[in-house]
Amino acid sequence: ARRKNATRETTSTLKAWLFEHRKNPYPTKGEKIMLAILTKMTLTQVSTWFANARRRLKKENKMTWSPRNR
Numbered sequence: 636a637r638r639k640n641a642t643r644e645t646t647s648t649l650k651a652w653l654f655e656h657r658k659n660p661y662p663t664k665g666e667k668i669m670l671a672i673l674t675k676m677t678l679t680q681v682s683t684w685f686a687n688a689r690r691r692l693k694k695e696n697k698m699t700w701s702p703r704n705r
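Okay, here's the thing in structure tokens:
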């Protein structure tokens, strides 16, 4: 089966959650289930999306996520 990429409305739901929880971007099992239902994604897809999103955040916010190197 070909991998279906997340649609825009799917990612906007996940991005909104991520933005609200950016201090601790780790959804609980229950939150992942809720997000999976909302986005019609599987639990695995939601987990993968968050793993990738956290990696992206780290890349973009090197300054905020790690002590600044001087």
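Per this note's numbering, residue 636 is the first one in the sequence shown, and the count goes up by one each step. Just so it is clear, CB atoms sit at the ideal spot from N, CA and C, and this is done for glycine as well. These numbers were taken from a predicted model, which means no experiment stands behind them.
> At what residues does the alpha helix (DSSP H) containing N687 begin and finish?
Replying inline: Position 52 of the sequence shown, counting from 1, holds the residue named residue 687. It spans 678-695 - the alpha helix (DSSP H) in which N687 sits, taken as one unbroken run.
>> If the criterion is Cβ atoms closer than 8 Å, does the pair L673 and T648 meet it?
In response: The residue given as residue 673 occupies position 38 in the sequence shown. The residue given as residue 648 occupies position 13 in the sequence shown. Against a cut-off of 8 Å, the Cβ pair of T648 and L673 comes out as a contact.
> Going by beta carbon distance, what residues of the same chain come within less than 7 Å of A671, once the five residues before and after it are set aside?
Replying inline: What you label residue 671 is simply residue 36 of the sequence shown in a count that begins at 1. Excluding positions up to five away in sequence, the list reads T677, L678, V681.
> Under three-state DSSP, which class holds K675?
Replying inline: Counted from its first residue, the sequence shown places residue 675 at position 40. In the structure shown, K675 sits in coil (DSSP, three-state: anything other than H, G, I, E or B).
>> Here's the rule I'm using: 16 or more other beta-carbon atoms within 10 Å means buried, otherwise exposed. How should F654 be labelled?
In response: Sequence index remark: in the sequence shown, residue 654 carries index 19 (1-based). Exposed is the call here.
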